[in-house]
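Offset between the sequence shown (1-based) and our numbering: plus 1009. Heads up: the structure comes next, in structure tokens.
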Amino acid sequence: MHRNPTGRIRVPSFSALFLMIAAIASAADAPPALQIRQKTLKNGLRIVAAEDRSRPVINLQVWYHVGSKDEKPGRTGFAHLFEHLMFRGSKNVGPEEHMRLVRQAGGVGNAYTTYDTTVYWETFPSNYLERMLWLEADRMASLDVSRENFEKEREVVKEERRLRFENPPYGNLLEQVLRNTYQRYPYRHVPIGSMEDLNRATIADVRDFHSTYYVPNNATLVLVGDLDAEEAFRLAEKHFGGIARGRRVPRVRVKEPEQKRRREAVVEDAKAPLDAVVASYHLPPAGHPDSYALEIAASILSTGQSSRLYRRLVYEQQSAMAAQGEALFLEGPSVFFCFAIANPGRDIRQILSEMEAILADMAKKPPVEEELTKAKNQIVASFILEQESMQGKADFLGKCAVLYGDPGRYNTELDRYRNVSAADVQRVVRTYLAPERQTRVFLRPAAAGAK
């Protein structure tokens, strides 16, 4: 039911339409600037609203500033579990009734969990704004965290884990990479949590997690669309203003130690048919000035069949059946992945050596103008396409408000990419993707008969 962008490593997928738009993106205008209004209620709920009268719809999002990194050791998976529990009913709304009322209004909705946040959203005709505010306020104030609901949704999450992580080939690779990349910081586990922690969770644990994090002073209400900001503030005050402020929300204080030498791990996967390797590197947090050049570097490395990784490993040498680079930017210490699956009979360590040579070349020489322009165009085109919908606008506005701490950054983001120079790309590759900062994880098919 719910989409969960957990940052899993993906193999490339390409769209002719996207590439066509990317080719003309340099001439495209940025989306119109949003006129952003803010208000904070006495109970700590932050409201961020932006009027867009282009269509008679509104996207509403409630961002709870809690993700998998906020879970205690031995209690992983709670943030994602609540993504499910939030649809199980509240004081005035029965189980699954929330979405029925959204659909009855002609709307759609869903939720997702990340390492840093949990987000609930609806898109609906603008004349139903008050209904949606009431629905979200009701489950914030009076969610039914019963033993029955907890045990039922725990089984749903466990089955989801089996389908996404335990049964598919390479399904456990991301977990192994994060566990080896992070030594202390709680990005060491994926948002869905471990089966062991899900099994040992108690209703008391779950209720404590809810009372700690699902409070107005840990939430941001984002509204974008056909609305009047002052009226939206009035309605939000009406429905959310009476919810009691929670206790002080704990924040992660752990520091990830600086990595000064290469680390290596070898894991086995009985379901994987071919060898694979991931090389990971620590990056600065989302919104850091260097993050924009790093995203462009990732695009040069892996976006499209002319990208450096694909061209060298898949097309020219035919040593890999898939090769990808990806920057996963998070609120805390972030991570860059280089990933490859070997073709049959090819040496996975030699493939890693070729990946390292590609990175070393980027560190020695800045990208040529054609590469830089193409990468910028692809990123700008993707951003513009995402901002075509009210949900796309609200998604990024919420990110700016919660992760960057400044919703106004919404209107300046494209300039941050456009201002990146070839020298910037070379510098960040040399700084952050250095050999001593690498963690390499080799995945090998389990030996025949291995358990």
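Glycine included, every Cβ here is placed at the ideal spot set by N, Cα and C.
Simplified DSSP state of residue i, which is helix, strand or coil
| i | result |
| --- | --- |
| M1149 | helix |
| K1269 | coil |
| P1479 | What is shown of the chain runs 1010 to 1460, which leaves residue 1479 out entirely. |
| V1290 | The question names Val, but residue 1290 in the sequence shown is Tyr. Correct three-state label for Y1290: strand. |
| E1340 | coil |
| G1086 | coil |
| I1388 | helix |
| N1119 | strand |
| A1351 | strand |
| S1316 | coil |
| S1155 | coil |
| S1203 | coil |
| N1176 | coil |
| A1213 | helix |
| Q1396 | coil |
| R1256 | coil |
| K1161 | helix |
| R1243 | helix |
| E1105 | coil |
| A1034 | Reliability fails at A1034, whose pLDDT of 45 lies under 50, so the model's placement of it is uncertain and the value that follows must be treated cautiously. Of the three classes helix, strand and coil, the one that applies to A1034 here is helix, per DSSP. |
| N1189 | helix |
Contacts around residue i, its chain only, beta-carbon distance under 7 Å, and the 5 residues preceding and following it disregarded
| i | result |
| --- | --- |
| R1453 | V1275, E1277, D1284 |
| F1133 | V1066, I1067, V1111, A1114, G1115, G1116, M1141 |
| N1158 | L1094, R1097 |
| E1397 | none |
| Y1073 | T1126, T1127, Y1222, Y1223, N1227, A1228 |
| M1204 | K1167, R1170 |
| E1340 | D1125, P1294, A1295, L1412 |
| R1012 | Reliability of the predicted coordinates at R1012 is poor, the pLDDT of 38 falling under 50, and no value is obtained from them. |
Rounded distance between the beta-carbons of residue j and residue i, thought under 8 Å
| i | j | result |
| --- | --- | --- |
| L1292 | A1336 | 6 Å |
| E1139 | L1244 | 5 Å |
| V1165 | G1086 | At roughly 12 Å, the Cβ-Cβ gap does not stay under 8 Å, so V1165 and G1086 are not in contact. |
| D1147 | N1101 | 5 Å |
| N1226 | V1075 | Going by Cβ atoms, the distance from N1226 to V1075 rounds to 12 Å, so no, they are not a contact pair. |
| A1295 | F1338 | 4 Å |
| D1299 | V1437 | 5 Å |
Cut-off 8 Å between Cβ atoms - residues of its own chain near residue i, not counting five sequence neighbours on either side
| i | result |
| --- | --- |
| V1057 | I1045, R1046, Q1047, T1229, L1230, V1231, L1232, L1406, G1407, A1410, P1416 |
| R1216 | V1154 |
| E1445 | Q1268, K1269, R1270, R1271 |
| E1105 | F1096, R1097, G1098 |
| P1177 | K1280 |
| Q1326 | E1363 |
For residue i, the residue or residues it bridges with in DSSP
| i | result |
| --- | --- |
| E1335 | F1346 |
| V1057 | Q1047, V1231 |
| R1469 | Outside the shown range of the chain, which is 1010 to 1460, sits residue 1469, and nothing can be said about it. |
| F1133 | I1067 |
| W1072 | V1128, T1229 |
| P1454 | D1278 |
| A1307 | Looking at the DSSP assignment, A1307 forms no beta bridge with any residue, so it has no partner. |
| S1099 | L1152 |
| A1329 | A1351 |
Check whether residue i and residue j have beta carbons under 9 Å apart
| i | j | result |
| --- | --- | --- |
| F1091 | H1219 | yes |
| R1272 | N1189 | yes |
| Q1447 | A1349 | no |
| R1355 | A1372 | no |
| F1249 | L1303 | no |
| Y1301 | Q1314 | no |
| Y1419 | K1402 | yes |
| D1125 | P1259 | no |
| P1375 | A1384 | no |
| I1212 | M1149 | no |
| G1083 | R1254 | no |
| V1434 | L1381 | yes |
| V1071 | Y1121 | no |
| G1234 | E1060 | yes |
| V1263 | P1195 | yes |
| L1050 | E1239 | no |
Beta-carbon contacts of residue i that lie in its chain and below 6 Å, excluding the five residues immediately before and after
| i | result |
| --- | --- |
| Y1319 | A1332 |
| H1198 | T1085 |
| L1069 | E1131, M1141, L1232 |
| L1442 | Y1290, L1368 |
| E1184 | V1199 |
| V1286 | A1349, I1357, L1361, F1451 |
| D1404 | none |
| S1077 | A1088, Y1124, P1200 |
| V1429 | Y1301, A1302, I1305 |
| C1347 | A1288, G1334, M1364 |
| A1241 | A1058, L1232 |
| E1145 | V1071 |
CB contact below 9 Å: residue i versus chain D
| i | result |
| --- | --- |
| V1377 | Looking for chain D here will not work: only one protein chain is present. |
The ligand GDP heavy atom lying under 8 Å from the CB of residue i
| i | result |
| --- | --- |
| I1357 | The model on display carries no ligand, and the ligand GDP is accordingly not part of it. |
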